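Step one of this worksheet: look at the structure below.
Number of protein chains: 2
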Amino acid sequence: MRIALTGGNGFIGSRIAVQLQREGVETVAIGRQPVAGLPFHRCDLLAEPLEPMIAAVRPTHLLHTAWVSDRRRLWAGTENLEWVAASLRLILAFRAAGGTRAVIAGSCAEYDWSESLLDEATTPLRPSTVYGRSKRALFDLLTQTPELRPLSIGWGRIFFAFGPNDKPDRLLSQIIDGVAAGRIVDCSEGLQIRPFIHVDDAARALVALLSSRVEGAVNIALDETMAVRDLANLAASHAGTTDLLRFGSRPLQAGEPPLLRAKVERLSKEVGFRPLYSIGEGVRATVAERLA
Amino acid sequence: MRIALTGGNGFIGSRIAVQLQREGVETVAIGRQPVAGLPFHRCDLLAEPLEPMIAAVRPTHLLHTAWVSDRRRLWAGTENLEWVAASLRLILAFRAAGGTRAVIAGSCAEYDWSESLLDEATTPLRPSTVYGRSKRALFDLLTQTPELRPLSIGWGRIFFAFGPNDKPDRLLSQIIDGVAAGRIVDCSEGLQIRPFIHVDDAARALVALLSSRVEGAVNIALDETMAVRDLANLAASHAGTTDLLRFGSRPLQAGEPPLLRAKVERLSKEVGFRPLYSIGEGVRATVAERLA
């Protein structure tokens, strides 16, 4: 097994890189910037021909987590269409060179969020953003083209991942950094309930999916949910105090349903994945690592 | 107006090329092979960076009809995924250079064929082939990404086009060539009813769509249908005799519903298109030109 990893400097990809390095799995990071601790092959996936890169790296496995890196451009930017094109080219080049197994990072944003239990087998794919539609289009093309065989393709639909390496503008980072600095932190009412997952569990689940033979969509999520308000209070409390949180001082973003849960049977039974953290344990570990 | 035309050697694209040339519209053909009568810029859309081509050609309008050229690979081949990637790259490069209007050749194969009246506004897109899913994915991405504005995009869903330049293995060509040579021609029962359209009307409709400001999906079809058996008899009769047709000696292909019709209000009212041929007139013209 020789893995090509894209997005190795990203939020989840960087934790995958650490894990693969620690486990001694032969891995080459592919991208514009080197990834700490991993052999590296420089390649701009958006702009360069990919066949020479694949011929040089000779991966048997592909773990493709690279996507739009500018978060402000993630939901609506035309960069999503560039990544659909680059991802198709990458997987076709990988397959043409004899690659056997690929896992691509999908998203819970592919689902119709008017259903509260998001199930790989039954929930319609009706994304409401350019990001969701782009991931969904790629999913359709890669998992409904029988001629791609013998390449085996798993598609990890990542749910609400959080972790110590979150960007400073993300809620949990704002809370941890704000409380540690003695600042007031504005929050929404926070009544919406989500299946949060620690970034290291999301990373481990994607690696487990890659090592398995499970094909098609697999939710990357815990069978546990928490209200945003409880998550915020927990993080603030671990960081020192909940007194600085101001719930209701921010509006809820449009299109945020009250409850989302993830069906996790494929991940637990077919892939055989066991998480390291409950949501509460994950929050504690996140605060500890971010403040260390 | 300066048009970049892809697929100018294809079944419909070659008739578009003739029409644009005759009308004196400034047009540059883009592709691997020169197109008779048009200025030509050589570019392998599947393999090359497209920005230099766009910078050299400087089109204001793009008419993109290129797709998988090997018909045996059209319905299931992974080449469809290559063309999704190439089409996204082409349209993004065209837009980035200030292109104002693009029309892309879509297909009635994007629709759910369990409905008999295929309507742009109401018929679900539930394609049953890799080809249909690829066109549909591209359609979704190009018409549901508001950030592509100010680029204006029309999507022509082409229905059952026939013409004198059809490949020899297509039914009408087999009939015309077969009857002219005195050969028996095997046909299915031919009871299925379809909205056939002469290739020159399909070409003219795509050019009309390009010249309009109509956005989104537009059926490229006639408001008229004919049973395959009647089409075959008509062609054979114009070619000399119907005695050589053997109906029922070939199975109907799987997934062929008895009746398909096209809603044509967008094309006739919004685009303002008027066909040159009824189906019967189109068949007569096709036989005459093929035997000329």
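Line by line, the protein sequences give chains A and B.
FYI, the numbering for the first sequence is 0 to 291, going by numbering that gives the first Met the number 0.
FYI, the numbering for the second sequence is 0 to 291, going by numbering that gives the first Met the number 0.
Using N, Cα and C, we set each Cβ at its ideal position, and we do this for glycine too.
Owing to the predicted nature of the structure, the values given are computational and were not obtained by experimental measurement.
{"query": "Between THR77 (chain B) and chain A, is the shortest Cβ-Cβ distance under 8 Å, so that the two count as touching?", "result": "yes"}
{"query": "For SER211 (chain B), which three-state DSSP category applies?", "result": "coil"}
{"query": "Excluding the 5 residues flanking PRO250 (chain A) on each side, which residues of the same chain have their C-beta closer than 7 Å to its C-beta?", "result": "SER187"}
{"query": "Within 10 angstroms of its Cβ, does THR240 (chain A) collect 16 or more other Cβ (buried), or is it exposed?", "result": "exposed"}
{"query": "Per DSSP, ALA104 (chain B) forms a beta bridge with which residues?", "result": "B:GLY155"}
{"query": "Run through the stretch 126-174 of chain B for me and flag every whole alpha helix (DSSP H) of 4 or more residues, listed as ranges in chain order.", "result": "129-142"}
{"query": "Work out the CA separation of ARG132 (chain A) and PRO149 (chain A) for me, nearest whole Å.", "result": "26 Å"}
{"query": "Apart from the five residues just before and just after ALA85 (chain B), which ones in its own chain have a Cβ nearer than 6 Å to its Cβ?", "result": "LEU44 and LEU45"}
{"query": "Which same chain residues end up closer than 7 Å to GLY189 (chain B) when comparing Cβ atoms and leaving out the 5 residues on each side of it in sequence?", "result": "ALA226, VAL227, ARG228, ALA231 and PHE246"}
{"query": "Does any residue of chain B have a CB that is nearer than 8 Å to the CB of GLU214 (chain A)?", "result": "no"}
{"query": "Does DSSP classify PHE356 (chain A) as helix, strand or coil?", "result": "Coverage of chain A is limited to positions 0 through 291, which leaves residue 356 (chain A) absent and any answer about it impossible."}
{"query": "Hey, LEU208 (chain B) and VAL102 (chain B) are a contact pair by Cβ (cut 8 Å); roughly how many whole angstroms apart?", "result": "5 Å"}
{"query": "Would DSSP call MET0 (chain B) helix, strand or coil?", "result": "coil"}
{"query": "Secondary structure at VAL270 (chain B), three-state DSSP: helix, strand or coil?", "result": "coil"}
{"query": "Find the residues of chain B that neighbour GLU81 (chain A), judging by a C-beta separation of less than 9 Å, and give them in chain order.", "result": "LEU87, ARG88 and LEU91"}
{"query": "Which residues of chain B have a Cβ atom closer than 9 Å to the Cβ of VAL217 (chain A), listed in chain order?", "result": "Chain B residues near VAL217 (chain A): none, gap ~21 Å exceeds 9 Å."}
{"query": "If you pair each beta-carbon of the stretch 12-25 of chain B with each one of the stretch 259-266 of chain A, do three or more pairs fall below 8 Å?", "result": "no"}
{"query": "DSSP on ASN232 (chain A), reduced to helix/strand/coil?", "result": "helix"}
{"query": "Given this structure, state the Cα-to-Cα distance separating LEU49 (chain A) from ILE174 (chain B), to the nearest angstrom.", "result": "45 Å"}
{"query": "Contact check, GLY30 (chain B) vs THR5 (chain B) under 8 Å by CB: the rounded distance?", "result": "6 Å"}
{"query": "Measuring CB to CB, does LEU137 (chain A) end up less than 8 Å from VAL83 (chain A)?", "result": "yes"}
{"query": "Taking VAL27 (chain B) as part of the beta strand (DSSP E), name the residues at either end of that continuous run.", "result": "26-30"}
{"query": "When you compare the CB of LEU124 (chain A) with every CB in chain B, is at least one pair closer than 8 Å?", "result": "no"}
{"query": "Per the DSSP calculation, THR5 (chain A) is bridged to which residue(s)?", "result": "A:ILE29 and A:HIS63"}
{"query": "Does the distance from the CB of THR122 (chain A) to the CB of ASP111 (chain A) come in under 8 Å?", "result": "yes"}
{"query": "Distance cutoff 8 Å, beta carbons only. Does SER133 (chain B) sit that close to anything in chain A?", "result": "yes"}
{"query": "Report yes or no: do the stretch 193-207 of chain A and the stretch 153-163 of chain A share at least 3 C-beta pairs separated by less than 8 Å?", "result": "yes"}
{"query": "Cα-Cα, which of B:PRO256, B:LEU233, B:ALA179 and B:ILE278 is closest to SER113 (chain B)?", "result": "B:PRO256"}
{"query": "Taking 7 Å as the cut-off, is the CB of LEU208 (chain B) close to at least one heavy atom of the ligand FAD?", "result": "The model depicted lacks the ligand FAD and carries no ligand whatsoever."}
{"query": "By alpha-carbon positions, which one of A:LEU243, A:ILE2, A:LEU147 and A:VAL24 ends up nearest to ASP293 (chain A)?", "result": "For residue 293 (chain A) there is no data in the structure shown, the boundaries of chain A being 0 and 291."}
{"query": "Looking at ARG156 (chain A): is its Cβ nearer than 8 Å to the Cβ of ILE219 (chain A)?", "result": "yes"}
{"query": "Nearest to ALA216 (chain B) by alpha carbon, out of B:PRO51, B:PHE39, B:LEU233 and B:LEU140?", "result": "B:LEU140"}
{"query": "Is the beta carbon of GLU25 (chain B) sitting closer than 8 Å to the one on MET0 (chain B)?", "result": "yes"}
{"query": "Going by the CB atoms, is the gap between MET52 (chain A) and HIS40 (chain A) shorter than 8 Å?", "result": "yes"}
{"query": "Considering Cα atoms alone, identify which of B:ASP185, B:GLU81 and B:GLY254 is closest to GLU47 (chain B).", "result": "B:GLU81"}
{"query": "Quick check on PRO145 (chain B) - is its C-beta less than 8 Å from some C-beta in chain A?", "result": "yes"}
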